[in-house]
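A short write-up of the structure that comes next.
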Amino acid sequence: MPLHRFGPAYRIETPRVVLRCWDPADTPELRTLLSGNLEHLLPWVPWVADEPKPLDEKLREVRGWRAGFDLDQAWLYALFGAEDGVLAGGVGVNQCGASAVDIGGWVAGARGHRGYHTEAAASATRAAFEVLGMTRVQALCDSENEHSIALLRKLGFTHEATPRHRVDGRRMDEMVWSILADEWPATPAAELAASARAWDALGNRLF
Amino acid sequence: MPHPLGPPYYITTTRLVLRCWEPADAPALSALVERNLDFVRRRPGRQDEPRPLEDRVVEMRQRRAAFDVDDQWSYAVRTADEGALVGIVTLFRVPPNRVDIGFAGWCGAEYAGCGYEAEAGAALARAAFELLDVPRLYAACPPDDAAAAALFRALGFAHDGVERRLDDGVRRDELLWSLLPDEWEAGAPAAAAADARAFGVLGDRLF
Numbered sequence: 006m007p008l009h010r011f012g013p014a015y016r017i018e019t020p021r022v023v024l025r026c027w028d029p030a031d032t033p034e035l036r037t038l039l040s041g042n043l044e045h046l047l048p049w050v051p052w053v054a055d056e057p058k059p060l061d062e063k064l065r066e067v068r069g070w071r072a073g074f075d076l077d078q079a080w081l082y083a084l085f086g087a088e089d090g091v092l093a094g095g096v097g098v099n100q101c102g103a104s105a106v107d108i109g110g111w112v113a114g115a116r117g118h119r120g121y122h123t124e125a126a127a128s129a130t131r132a133a134f135e136v137l138g139m140t141r142v143q144a145l146c147d148s149e150n151e152h153s154i155a156l157l158r159k160l161g162f163t164h165e166a167t168p169r170h171r172v173d174g175r176r177m178d179e180m181v182w183s184i185l186a187d188e189w190p191a192t193p194a195a196e197l198a199a200s201a202r203a204w205d206a207l208g209n210r211l212f
Numbered sequence: 016m017p018h019p020l021g022p023p024y025y026i027t028t029t030r031l032v033l034r035c036w037e038p039a040d041a042p043a044l045s046a047l048v049e050r051n052l053d054f055v056r057r058r059p060g061r062q063d064e065p066r067p068l069e070d071r072v073v074e075m076r077q078r079r080a081a082f083d084v085d086d087q088w089s090y091a092v093r094t095a096d097e098g099a100l101v102g103i104v105t106l107f108r109v110p111p112n113r114v115d116i117g118f119a120g121w122c123g124a125e126y127a128g129c130g131y132e133a134e135a136g137a138a139l140a141r142a143a144f145e146l147l148d149v150p151r152l153y154a155a156c157p158p159d160d161a162a163a164a165a166l167f168r169a170l171g172f173a174h175d176g177v178e179r180r181l182d183d184g185v186r187r188d189e190l191l192w193s194l195l196p197d198e199w200e201a202g203a204p205a206a207a208a209a210d211a212r213a214f215g216v217l218g219d220r221l222f
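Those protein sequences? They're chains A and B, same order as listed.
Residue numbers for the first sequence follow our numbering, beginning at 6 and rising by one.
Residue numbers for the second sequence follow our numbering, beginning at 16 and rising by one.
Rendered as structure tokens:
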């Protein structure tokens, strides 16, 4: 459960991105974004294989995401470009243990190289430690995903293990990375997220 | 959920706006509860009122989550002209079969005689029968709640009897009420709700 009186960060802003709790009204824009980026996302974002879903089905899903956020079950954020306010991707913060969360995310192809990943991951990690009070933030990535590996290294995540998997006959090893609460203040991610700002559901400033 | 794009998140009547609760409504609801404390405390599950603001935020987040997953549809009722929060109306699934849909609602004592409950209730009954395909609307109230009984009568509910309950040695009987679709269609409240407008979460007009 969140440490803060009025719950988690519903909105986070960095110089380049805005993260906020999904709104069901985002659904049409999300479907358009996914439809236009299937090829780019598919290798690293497995659930994209089921996209594009029909509007009614996707709407039910996004309503469920907001419900999960409101119930502190999982904190899924829509990711927008800070300058243009255009939907560019998503960030998921999922519980994995009593005081640990897993963070993950995706950014649509054309916008992948504007530092969105870095600022989104760093600020969501800051919210996990400082607002949710987590003691461990972990991230998983495919061992062949060079962009993610470089990003996690740059943020100061520690590579812990590479559990081996075989999916449909193909090796798909998944690397486990993490930052612990006592390491957090000295990580590059903390420095990158120092200028981020976050607000709770009532619009109170959290950081 | 019969309508593919979900329930109405927003309903307008001549004088009122009904909208799915937002966490940011918490301070306004707390103020309304505090102005009507004796009345609210007599309602089921409300003996702990007035709740601290942090508990109210949790309540608001839970109400919106229940709405998003189609478990219960609870609306803030505000005046259309000034946006003042005047009360609550809710449709909820009735145990044990959860097929029946219950109706509940109240407005602050300062609005007694305005007919806001009846206006909001008629619009919501219309939504229940036209959009949620409800086979039967259910309502219940304590035997001494004359205002609730008058509201149910005004909406066309029939009085079905008295359900007897014994909780911790105290009788907590409830008057049972029901409204069937054909009765609704033929009744005066349906005509009064004819100019209500309902919108889905994507802003699409539902009626």
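Think of the CB as a built atom: it goes at the ideal place given N, C-alpha and C, for glycine as much as any other residue.
How about residue i and residue j: do their beta carbons lie closer than 9 Å?
i, j, result
"residue 55/B", "residue 69/A", "no"
"residue 36/A", "residue 85/A", "no"
"residue 93/B", "residue 34/B", "yes"
"residue 182/A", "residue 165/A", "yes"
"residue 20/B", "residue 61/A", "yes"
"residue 39/A", "residue 57/A", "yes"
"residue 148/A", "residue 167/A", "yes"
"residue 127/B", "residue 99/B", "no"
"residue 116/B", "residue 149/B", "yes"
"residue 133/B", "residue 211/B", "no"
"residue 114/A", "residue 97/A", "no"
"residue 12/A", "residue 77/A", "yes"
"residue 144/A", "residue 107/A", "yes"
"residue 72/A", "residue 79/B", "yes"
"residue 123/A", "residue 156/A", "yes"
"residue 106/B", "residue 155/B", "no"
"residue 119/B", "residue 28/B", "no"
"residue 25/B", "residue 213/B", "yes"
"residue 177/B", "residue 159/B", "no"
Kindly give me the distance between the Cβ atoms of residue i and residue j, rounded to whole angstroms, as I take these residues to be in contact under 8 Å.
i, j, result
"residue 199/A", "residue 130/A", "The pair is not a contact, with the Cβ atoms about 12 Å apart (cut-off 8 Å)."
"residue 22/B", "residue 121/B", "About 21 Å; that fails the 8 Å criterion."
"residue 67/A", "residue 27/A", "5 Å"
"residue 33/A", "residue 221/B", "The Cβ separation is near 17 Å, so there is no contact."
"residue 204/A", "residue 211/A", "6 Å"
"residue 190/B", "residue 206/B", "About 26 Å; that fails the 8 Å criterion."
"residue 134/A", "residue 186/A", "6 Å"
"residue 41/B", "residue 68/B", "6 Å"
"residue 194/B", "residue 166/B", "No, residue 194/B and residue 166/B are not in contact; Cβ-Cβ is about 12 Å, not under 8 Å."
"residue 192/B", "residue 174/B", "6 Å"
"residue 22/A", "residue 125/A", "5 Å"
"residue 132/A", "residue 206/A", "Wrong, their Cβ atoms sit about 13 Å apart, outside the cutoff."
Strictly under 9 Å for the Cβ-Cβ distance: is residue i near chain A by that measure?
i, result
"residue 90/B", "no"
"residue 97/B", "no"
"residue 217/B", "yes"
"residue 24/B", "yes"
At 9 Å on the CB atoms, spell out the chain A contacts of residue i, in chain order.
i, result
"residue 72/B", "10, 11, 12, 205, 206 and 207"
Give the residues of chain B in contact with residue i, contact being defined as C-beta atoms less than 7 Å apart.
i, result
"residue 69/A", "83 and 84"
Are the C-beta of residue i and some C-beta of chain B separated by less than 9 Å?
i, result
"residue 82/A", "no"
"residue 65/A", "yes"
"residue 121/A", "no"
What does residue i reach in chain A if we use C-beta pairs closer than 8 Å?
i, result
"residue 77/B", "75 and 76"
Taking Cβ-Cβ distances shorter than 7 Å, what residues in chain A pair up with residue i?
i, result
"residue 69/B", "10 and 11"
"residue 2/B", "With chain B covering only 16 through 222, there is no way to say anything about residue 2/B."
"residue 147/B", "Within chain A, no residue comes near residue 147/B; the closest Cβ sits about 15 Å away, beyond 7 Å."
"residue 80/B", "72, 75 and 76"
Residues of chain B with CB under 8 Å from residue i, in chain order?
i, result
"residue 211/A", "Per Cβ cutoff of 8 Å: no residues; residue 211/A is ~13 Å from chain B at best."
Can you give me, in chain order, the residues of the segment 23-55 of chain A that have a beta carbon less than 9 Å from any beta carbon in chain B?
Within the segment 23-55 of chain A, the residues whose Cβ lies closer than 9 Å to some Cβ of chain B are 28, 29, 30, 32 and 33, listed in chain order.
Taking any Cβ of chain B, which residues in the segment 129-152 of chain A have a Cβ under 7 Å from it, in chain order?
Cβ contacts with chain B come from no residue of the segment 129-152 of chain A.
Any C-beta of chain A within less than 7 Å: which residues of the segment 34-54 of chain B qualify?
Near chain A, meaning a CB-to-CB distance below 7 Å, the residues of the segment 34-54 of chain B are 38, 39 and 41.
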